[in-house]
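Numbering (our numbering), first residue to last: 819 to 887.
Using N, Cα and C, we set each Cβ at its ideal position, and we do this for glycine too.
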C-alpha cells in the first residue's frame, strides 16, 4: 500500500515538474517558480512537505551516525 502511494506521489511530482521545464534555455525565473508552486494542489503540497521533512530527518540521522563512528 505504501509503495503504491509513493509511486502515485512521484508520478504527480514528475507530471508537475515536466509541465514547467525550462524550454527557452534561460533557467528558472521567479515567474516559472510561481507557476510551479501554484500548480500544486493542497494534497500534493502536503505530500511534498512530508517527503521533505522525512528526507531531512533521514539526512540528519545519517550525519549523526557518521559522527558517532
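Bounding residues of the alpha helix (DSSP H) (the contiguous stretch that carries residue i)
| i | result |
| --- | --- |
| residue 881 | 860 to 886 |
Length of the line joining the Cα atoms of residue i and residue j
| i | j | result |
| --- | --- | --- |
| residue 822 | residue 857 | 23 Å |
| residue 855 | residue 829 | 16 Å |
| residue 831 | residue 873 | 15 Å |
Same chain only: Cβ atoms within 8 Å of residue i, ignoring 5 sequence neighbours per side
| i | result |
| --- | --- |
| residue 869 | 827 |
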